[in-house]
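First the structure, in the form of structure tokens, and then the observations on it.
In the working numbering, the protein residues as written are 866 to 1098.
As structure tokens, this is what we get:
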């Protein structure tokens, strides 16, 4: 359920941002309203029981022994990966997760193969380079004033807020919500599993936008080069 709520919040942010950039705001608002109404209506068969369960059974779930033992650990593991070094290559707490291997009769890293893979400096260079290209794509979106890209900026910041969680620069806000809202504390104890998909979607858009412009430039350069060769021939 929390995965859907994260998606719904991100979609709402995107639609509001796109509506503000829309030239015909009356038509844009109608489309926004219809789309949100349809999504909520189609999913109401499970959203309404879920909301009722949260209201009536929320304290019971939060005080369950398994949650009281697991939730603080899950939060701290997410917090340890909320720095920029890990965010830029989208590395998360699962890289530090361990599972029991019955063949070896011992615990081993859940993503052991990936941990070995990321030890290669070349892999890290590729990972950070792709993120830098995505940032360049974001800058180009601002310069070109691409509406879709601009509308995705609040969504990107929204996902980053949760992925950074209790780390600078937004730690004070996140900690306040975590300490004072039990629903927030329990529902987003592992924010990566909810907001990483949104963040990856946004970075993929900016990465694609950069290469789209690059290929257009290369196309014009090649066409000009071929025309120049034909003229000389």
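All C-beta atoms, glycine included, are put in the ideal place defined by N, C-alpha and C.
Measure the alpha-carbon distance for residue 995 versus residue 930 and round it to whole angstroms.
For residue 995 and residue 930, the gap between their C-alpha atoms comes out near 42 Å.
Per DSSP, what kind of secondary structure is residue 965 in: helix, strand or coil?
In the structure shown, residue 965 adopts extended strand secondary structure according to DSSP, grouped into three states.
So, is residue 956 buried or exposed, given that buried needs 16 or more other C-beta atoms within 10 angstroms?
buried
Could you tell me whether the stretch 890 to 900 touches the stretch 1008 to 1024, where touching means 3 or more Cβ pairs closer than 8 Å?
no
Using only CA atoms, which one of 884, 1071, 1048, 1081 lies nearest to residue 920?
1048
Specify whether the stretch 1033 to 1050 and the stretch 980 to 995 touch according to this definition: at least 3 beta carbon pairs, one from each stretch, less than 8 Å apart.
As far as the Cβ criterion goes, the stretch 1033 to 1050 does not touch the stretch 980 to 995, which means the pair count is below three.
Relative to the C-alpha of residue 880, which candidate in 904, 868, 866, 867 has its C-alpha closest?
Measuring from the Cα of residue 880, the nearest candidate turns out to be 904.
With DSSP run on the structure shown, which of helix, strand or coil describes residue 1024?
helix
Three or more C-beta pairs under 8 Å: does that hold for the stretch 1050 to 1065 against the stretch 971 to 987?
The way I'd put it, the stretch 1050 to 1065 doesn't touch the stretch 971 to 987; fewer than three beta-carbon pairs between them come closer than 8 Å.
Spatial neighbours of residue 1068 in its chain, beta-carbon cut-off 6 Å, leaving aside the 5 residues before and after
999
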